[in-house]
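Since the structure comes first, as structure tokens, the remarks are kept for the end.
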Amino acid sequence: MGDVESRRARAILRLRKRQSSVVSALLGDFASTGAAPTSRVGWFVDPEGEDHAVQRLVVELPPRAGQFDPNEVDAAVVAVFEDDVSIDRRAKSDGGLRVDVRLPSCALHSVTLLHGGRVLQITSFSGALAPSDELVEETLGAPPERCGGSGEGDPREDARVRALDDEDEVLGPDYGYVLRFGRGTVRR
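Its first residue numbered 16, the sequence shown is counted upward by one per residue in my numbering.
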């Protein structure tokens, strides 16, 4: 594995750790819910040419399990990302809540509900990847990423936030996600 790929892989581990904390705070015993998780890994190059690792986790609840509660999602995000963060709550094009969290490491986690609350989506970007990143236990909690152009200033000027806004505008408020369990009947 090359240097760039190994830096991305290590950054993805850190992003997944935070995403798992949010899902655990919401679902507790994940297996008993019957939820269907899927994830995708990629990278994002911002306008300044800075490379960011990207991890998207999508958790779909089956119709019998109901929906994610927006207030509980917001509370879980605040609890998981309680230390020294910038939290920006915004409405998607359908009026649903999207919560963008920027960490001091300049990682960005965007948490939103799709399909009326049946689906929780967490899209996480690392800060700009630094040239070297030793993979030892201590670095899993202390990312070597640096802010670069995307992580500084007004959150609405962050290229990663704009990319998510564009996705909402072009693909719609469900970001192109198609339900795996079908529409079904949702219990309230």
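Heads up, the beta-carbon is just placed ideally off N, CA and C, and yes, glycines get one too.
Just so we're clear, the structure is a prediction, and the values are computed from it rather than from any experiment.
Check                                                                                                                                                                                     : Outcome
Assuming contact is defined by CB atoms lying nearer than 7 Å, are L72 and S54 in contact in what I supplied?                                                                             : yes
Would the segment 110 to 126 and the segment 75 to 92 be scored as touching if the rule is three or more Cβ pairs under 8 Å?                                                              : yes
Within 10 Å of its beta-carbon, does D181 have 16 or more other beta-carbons around it, so buried, or fewer, so exposed?                                                                  : exposed
Taking the alpha helix (DSSP H) that P85 falls in, what are its first and last residues?                                                                                                  : 85 to 95
So who's on the other strand from G57, going by DSSP bridges?                                                                                                                             : V69
Counting C-beta neighbours from all protein chains within 10 Å, is the total for D61 16 or more, i.e. buried, or is it exposed?                                                           : buried
Is the beta carbon of R23 sitting closer than 7 Å to the one on A68?                                                                                                                      : yes
Given S141, which residues of its chain have a CB within under 6 Å of its CB, disregarding the five upstream and five downstream residues?                                                : A26, H67, A68, A122, E160
Under three-state DSSP, which class holds P78?                                                                                                                                            : helix
Identify, in the order they occur along the chain, each residue of the same chain with its Cβ nearer than 8 Å to the Cβ of L194, setting aside the five sequence neighbours on each side. : E75, H130, R133, V134
From the DSSP output, which residues share a beta bridge with F140?                                                                                                                       : V69, L123
At which residues does the alpha helix (DSSP H) containing L179 begin and terminate?                                                                                                      : 174 to 186
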